[in-house]
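*Asks:* Below are the structure tokens for one structure; questions will follow.
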Amino acid sequence: MSSHAAPRPLARPLLALLVLLLLFATLLAAPPARAAEVLEAEPNGSTATAQPLALGTGVTAVFGPSGDCDNNFYDCDFYRIAAPTAGRLVLDLRFSDSLGTASSFELVVQDARGDYIYTETISSADYDGSRLRGLGMYVDAGTSYVQLKTRVAGFSSGYIWSGQAYSLSASLTPGVVETEKNGSTATADVITLGRAIEGSIFDGDCNSSDCDYFRLQLPSPARLSIDFRFACDLGTGRVYSVSSYDNVGNRLTTADLQGSDCGGETLRAATVAAPAGNVYVLVSARTNGVTAGLPYRLTVDRTDVPTPDVDVKRLSGSDRQGTAVEISKATFAPGVPVTYIATGAKFPDALAAAPAAATQGGPLLLVDRESMSPSVKQELARLKPQRIVVVGSALSVGDALYAELARYAGAIERIGGVDRYDTAEKIVRSAFPSGASKAWIATGEKFPDALGASAAAGAVDAPVLLVNGGATSADPRTGRLLTDLGVGSLTIAGSALSVSEGIRTSLPVPATRIGGSDRYDTSEQLNRAAFSSASTVYFATGENFPDALAGATAAGFTSSPLFAVRPDCVPPKVLQDVTALGADTVILLGGTGTLSDRVARLVSC
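Just remember that the working numbering sits 865 ahead of the position in the sequence shown, which is counted from 1.
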């Protein structure tokens, strides 16, 4: 008779309960990822059996059992990620802080074919996930895999991982990013002039370094600037090497960058005389250096952009009310069906009003809370609007002024809500009673993206819906509004920093995002996507809102793009777009204190 008797039947449930309690206690020992929602499902030891890991959610799991990869001593946990677009993959991996500092395991990111694109050693000292979250790992749209591989059996210090709990979550920041493997000219990432691309030094695909190649095509010889930026806390030694080559491999320039070159000024000052055809930019650094895994940003642009052959006109008044009047006078004839009135002191009320006014065929004029300037009175008398719409509550446009405005039209109404989003919704519902097949979404917290969208939306009789861009999901009323309007095509103005990815994914209508590296880049991209030709283009400052508010209505009414430009120069890509659109007139909105004479001369930034 064996000395190890089998457990009695009544003991088995108790043993099972004990195992569950031990597992629960182990899970509690690991700090959970913020978005952990599901438990690991074994077996998941290959790409074929990988467990789905939805972006924005997470999984809680345990290292072990062994034997599902390589040999009987290892556990491999595979997770499958579906990226709707290219972007930076942020992994948040956490486990117990009681494992010491002597052990490690391997984390691998693989592409859809299962090929390794990133490999990172995770130390037991990385228990809180902060180092991994800071690394730049980039994936293309489609399927990617994350693999965690560790020794959980046998005679090795790695055995300490056996039975240890961990939590893993994933998120994606959309953007223009490098796609490994790009370690040769044949596999170079294609870039566009003026478009920033983000990358990182990770795998050693050329000797002991990582080589990231980027290719752009020039239709004619050009002088280029290379803008390369990275973290400014990397010390004073050499951290990156950046070189450029022509189509046959001749080196055009090379520069070894020090930690102090993080802002990009040194490299931008050394322009590149590039021939027509393919031009390559190579970024390299040692994979075991201080830059390993850290994000960088590369932008290549022309410094010799030809000046467009156009007439430049300026519309400006003595103040913001006067400028809005001049824009109205240049755009709208008497007898307009409607005129919108909004405060010139703040932008939120007027953001949704601009495309609404354009769609309904009238201007947007600005007033103070309690009064309007003589020029506004004269313009209302000239316009003879059939109806006036006052945007905002009495806190924005007072009741006494409302009564005075009523004298200039046969009908008047006020559209105001409890906040900027409620006001915007009411404007949209009023201006688009029959619905809209297209719509734009922009943050109501900042003005530049919404103004850029306003001209594009007004040109096709579409509304702009405002959201709290920093929210983790869309407000239910936004979803209801989209459904009520019957929107089938939706565009988000701005990057995920302006309108969160959580908002995009929670909307009831699939949305296309157009966002750049800054407000000027976003404006240019919005206009390039919306307009294939235009005889007139508008320029407004990207630094302040009043002139652009009225200008967005005029631009939308005339089916013209409205570009945000800097106060003292025009972004090179905008100058190229003016030529590509076939424009013959550029209209500046605001005086020389808003857009300088350099802008009037179309001086490139």
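Backbone N, C-alpha and C fix where the C-beta goes; we use that ideal spot for every residue, glycine too. Here the structure is a predicted model, which means the values were calculated and not measured.
1) Can the beta-carbon of V1042 be found less than 8 Å from the beta-carbon of G979?
2) In the DSSP assignment, find the beta strand (DSSP E) that holds Y1385 and state where it starts and stops.
3) Short of 8 Å in beta carbon distance, which residues of its chain neighbour R899, apart from the five on each side in sequence? Order them along the chain.
4) Does the pairing of the region 1227–1238 with the region 1402–1419 give three or more beta-carbon distances under 8 Å?
5) Give the C-beta separation of V1443 and P1173 to the nearest angstrom, bearing in mind that I take them to be a contact with Cβ-Cβ under 8 Å.
6) From L1266 to V1256, what does the alpha carbon distance come to, in whole angstroms?
7) Between the region 1433–1440 and the region 1231–1247, do three or more beta carbon pairs fall short of 8 Å?
8) If you count every other CB in all the chains shown that lies within 10 Å of the CB of S1261, and 16 or more means buried, which is it?
9) For the beta strand (DSSP E) containing P1160, list its first residue and its last residue.
10) Quick one: residues in its chain with C-beta nearer than 6 Å to the C-beta of F1095, no 5 flanking neighbours on either side, listed in chain order?
11) Go through its chain and collect everything with a Cβ distance to L888's Cβ below 6 Å, but skip five positions before and after it.
12) Take the Cβ of C1076 as the centre, count every other Cβ of all protein chains shown within 10 Å, and call the residue buried at 16 or more, exposed below.
13) Three or more beta-carbon pairs under 8 Å between the region 1449–1459 and the region 1342–1354, yes or no?
14) Apart from the five residues just before and just after V1241, which ones in its own chain have a Cβ nearer than 7 Å to its Cβ?
15) How about the region 1319–1329 and the region 1199–1218: do they share at least three Cβ pairs that are nearer than 8 Å?
16) Is E905 helix, strand or coil when you go by DSSP?
17) Going by the DSSP bridge assignment, what does S1034 pair with across the sheet?
18) Where do the N-terminal and C-terminal ends of the alpha helix (DSSP H) with D1462 fall, by residue?
19) Assign N1392 to one of two classes, buried (16 or more other C-beta atoms within 10 Å of its C-beta) or exposed (fewer than that).
20) Considering only residues of the same chain and omitting the five flanking positions on each side of E985, which have a CB-CB separation below 6 Å?
21) Let me confirm a value: N1047 is counted as buried when at least 16 other C-beta atoms fall within 10 Å, else exposed. Which label applies?
22) Take the Cβ of V1113 as the centre, count every other Cβ of all protein chains shown within 10 Å, and call the residue buried at 16 or more, exposed below.
23) Among D1287, S1363 and A1268, whose alpha-carbon lies nearest the alpha-carbon of P1313?
24) If we call anything under 8 Å between Cβ atoms a contact, is K1303 one with A1327?
25) What do you reckon, are the CB atoms on V1165 and I1056 nearer than 8 Å?
26) Would the region 938–951 count as touching the region 912–921 if we require 3 or more Cβ pairs under 8 Å?
27) From the DSSP output, read off the bridge partner residues of W1305.
28) Among V1203, Y1205 and E905, whose alpha-carbon lies nearest the alpha-carbon of A1030?
29) Note down, in chain order, each residue of its chain lying with its Cβ closer than 7 Å to the Cβ of S1469, except the 5 sequence neighbours on either side.
30) Does the distance from the CB of S1065 to the CB of G1158 come in under 8 Å?
31) Considering only residues of the same chain and omitting the five flanking positions on each side of R1247, which have a CB-CB separation below 7 Å?
32) List the endpoints of the continuous alpha helix (DSSP H) containing A1339.
33) Which value, in whole angstroms, describes the spacing of the CA atoms of L1122 and Y1105?
34) What number of angstroms, rounded off, separates the C-alpha of S988 from the C-alpha of F970?
35) Measure how close the beta-carbons of R1167 and L1058 come, nearest whole angstrom, since I'm counting them as under 8 Å.
36) Once you ignore the five residues that flank A1087 on each side, which residues in its own chain have a CB closer than 7 Å to its CB?
*Replies:* Taking the definition as stated:
1) no
2) Not the beta strand (DSSP E): Y1385 falls in the alpha helix (DSSP H), residues R1384 to A1395.
3) Below a pLDDT of 50, predicted positions are generally treated as unreliable, and R899, at 48, falls in that range; no measurement from the model is reported.
4) yes
5) 4 Å
6) 12 Å
7) no
8) buried
9) P1160 to R1167
10) C1127 and Y1161
11) A caution first: L888 carries a pLDDT of 41, below 50, which makes its placement in the model unreliable, though a value can still be read off. The answer is none, since no qualifying residue turns up.
12) buried
13) no
14) Q1186, V1190, L1230 and V1232
15) yes
16) coil
17) G923 and D957
18) D1462 to A1465
19) buried
20) L972
21) buried
22) exposed
23) S1363
24) yes
25) yes
26) yes
27) V1329 and T1356
28) E905
29) V1170, C1434, V1435, P1437 and L1440
30) yes
31) P1199
32) No alpha helix (DSSP H) holds A1339; DSSP gives it neither H nor E.
33) 5 Å
34) 7 Å
35) 6 Å
36) A1139, R1167 and D1169
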